[in-house]
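Chemist:
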Amino acid sequence: QVQLVESGGGLVQPGGSLRLSCAVSGGDFSMYTMGWYRQAPGKQRVSVAMITTSGSPNYADSVKGRFTISRDNAKTTVYLEMNSLNPEDTAVYYCKASRLWYHYWGQGTQVTVSS
Numbered sequence: 135q136v137q138l139v140e141s142g143g144g145l146v147q148p149g150g151s152l153r154l155s156c157a158v159s160g161g162d163f164s165m166y167t168m169g170w171y172r173q174a175p176g177k178q179r180v181s182v183a184m185i186t187t188s189g190s191p192n193y194a195d196s197v198k199g200r201f202t203i204s205r206d207n208a209k210t211t212v213y214l215e216m217n218s219l220n221p222e223d224t225a226v227y228y229c230k231a232s233r234l235w236y237h238y239w240g241q242g243t244q245v246t247v248s249s
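Here it is in structure tokens:
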């Protein structure tokens, strides 16, 4: 069974930075496309960034130039480096692993950007 555990969320001031981690156990991590999503209160969950099995990243327009997704296949972990955070980035951030028609989610980690 594939399990995903996010960590690294918290409270940060506007302009600050955070690094989220998602540790994956079970399955073959190198075969999964990995993604970060976020869900703000009262809004739908949306894609933030994804990284393919070959390491190619893709970002939502709202985070381009500020967020960086990366993966370490040896540690079976995907990261999301978030810089220049603003209050609109406040949300629960979820990690997702995908392969073919299989999708697995983590439990989420709260990110709050506030002064």
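The numbering used here numbers the first residue of the sequence shown as 135 and each following residue consecutively.
The C-beta atom is built at its ideal place from N, Cα and C for all residues, glycine as well.
On a predicted model such as this, the values are computed, not experimentally measured, just so you know.
Under 7 angstroms between the Cβ atoms of residue 180 and residue 231?
Modeler: No.
Chemist: Along the chain, where does the beta strand (DSSP E) containing residue 192 start, and where does it finish?
Modeler: Here the beta strand (DSSP E) through residue 192 covers 191 to 193.
Chemist: Write down the C-beta distance between residue 169 and residue 137 rounded to the nearest angstrom, noting that I regard them as a contact closer than 8 angstroms.
Modeler: Actually they do not touch by this definition, with Cβ atoms about 16 angstroms apart.
Chemist: When burial is assigned at 16 or more other CB atoms within 10 Å of the CB, is residue 211 buried or exposed?
Modeler: That one is buried.
Chemist: Kindly indicate the opening and closing residues of the beta strand (DSSP E) around residue 219.
Modeler: Segment: none, residue 219 is in no beta strand (DSSP E) and carries neither H nor E.
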